[in-house]
């Protein structure tokens with residue numbers, strides 16, 4: 002068992018993990034990133050994405066004649082999310098969603114530019130829904146495309162992490178699969194998991210899951226940045242809505 006202490010542990014080296022690491026670097030913190038894949042997969046699924054970013058009330062929208070606002074975007078979000086348990090289960094989801102829409106309508110555009118992300122003039126209409134303000138989905142286009150698409154979004158953060166590794170401020174431990182959190186006195190104090198055997202698979206290719214040993218790290222803070230179930234096709238099939246019929250036999254992630 003490999004046991005070490007200290008700093009901030011970030012589970013996942015996809016876009017969420019890289020953004021968390023970037024913010025932690027700016028705060029002067031010691032960072033350890035754990036990911037089950039090899040270093041060729043830095044950036045995760047975002048690397049393959051179209052690079053669309055949710056923004057509200059931007060110059061790009063106005064140039065295309067799109068009228069948008071926080072109120073409209075928040076209305077769209079609420080009609081899609083259908084929060085109906087604000088007294089308990091939906092409380093924090095509701096707070097997070099509102100804070101994110103506020104961010105997207107104010108400082109997010111300048112924040113991403115500061116991080117090195119540039120936007121094309123294209124604003125797409127992802128998650129269009131039924132096109133009504135009181136219906137499901139985005140009632141106006143909000144899908145802002147970054148120059149370089151997915152890599153235009155992920156690489157600025159990946160480069161910052163690489164620089165942190167060069168200066169000794171970031172430790173990236175690949176082939177480290179987290180299997181559990183260490184909890185003491187009701188607080189998360191670390192992580193534990195398995196060290197997988199080395200694998201030089203190309204980005205996006207299936208890698209081995211042979212376990213060589215185990216590890217445990219304590220940390221002042223633990224950030225879970227593992228994404229959803231989209232990368233696990235077996236889980237997607239298990240939870241496939243019956244109203245959509247049978248799940249596809251072949252799926253593509255990214």
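Numbering (this note's numbering), first residue to last: 2 to 255.
C-beta: ideal position from N, C-alpha, C; glycine also.
For the beta strand (DSSP E) containing residue i, list its first residue and its last residue.
| i | result |
| --- | --- |
| residue 248 | No beta strand (DSSP E) contains residue 248, which DSSP labels as neither H nor E. |
| residue 33 | 32–36 |
| residue 222 | 222–225 |
| residue 122 | 120–125 |
| residue 11 | 9–12 |
May I have the straight-line CA-CA distance separating residue i from residue j, to the nearest angstrom?
| i | j | result |
| --- | --- | --- |
| residue 235 | residue 247 | 13 Å |
| residue 67 | residue 17 | 29 Å |
| residue 179 | residue 64 | 46 Å |
| residue 121 | residue 37 | 33 Å |
| residue 4 | residue 201 | Bear in mind that a pLDDT of 48 at residue 4, under 50, signals an unreliable position, so the number given afterwards is only what the model happens to contain. The straight-line gap from Cα to Cα measures roughly 26 Å. |
| residue 230 | residue 237 | 6 Å |
| residue 128 | residue 12 | 28 Å |
| residue 9 | residue 131 | 43 Å |
| residue 105 | residue 79 | 15 Å |
| residue 77 | residue 198 | 46 Å |
| residue 28 | residue 69 | 34 Å |
| residue 163 | residue 243 | 44 Å |
| residue 249 | residue 221 | 42 Å |
| residue 145 | residue 74 | 14 Å |
| residue 71 | residue 103 | 7 Å |
| residue 97 | residue 88 | 15 Å |
| residue 84 | residue 245 | 23 Å |
Using only alpha-carbon positions, find the residue among the options that is nearest to residue i.
| i | options | result |
| --- | --- | --- |
| residue 189 | 115, 233, 225 | 225 |
| residue 166 | 22, 13, 129, 79 | 22 |
| residue 184 | 209, 223, 210, 195 | 223 |
| residue 182 | 84, 82, 192, 83 | 192 |
| residue 24 | 39, 113, 198, 240 | 113 |
| residue 195 | 123, 177, 203, 206 | 177 |
| residue 253 | 245, 241, 233, 243 | 233 |
| residue 19 | 249, 228, 239, 84 | 228 |
| residue 39 | 103, 71, 174 | 174 |
| residue 155 | 125, 119, 140, 139 | 119 |
| residue 116 | 169, 250, 160 | 160 |
| residue 142 | 136, 125, 15 | 125 |
The alpha helix (DSSP H) spanning residue i covers which residue range?
| i | result |
| --- | --- |
| residue 113 | 109–115 |
| residue 26 | 16–27 |
| residue 236 | 234–239 |
- Counting pairs of beta carbons, one from the region 44–64 and one from the region 147–155, are three or more of them closer than 8 Å? yes
- Counting Cβ pairs closer than 8 Å, one from the region 82–94 and one from the region 30–47, do we hit at least three? no
- Message: Across the region 106–118 and the region 54–62, are there enough close Cβ pairs to call them in contact, namely three or more that are closer than 8 Å?
- Response: yes
- Item | beta strand (DSSP E) runs wholly inside the region 131–213, at least 3 long, in chain order | 144–147, 171–175, 177–185, 188–197
- If you pair each beta-carbon of the region 206–214 with each one of the region 19–36, do three or more pairs fall below 8 Å? no
- Item | Every unbroken alpha helix (DSSP H) inside the region 53–104 [4 residues or more] | 60–64, 71–82
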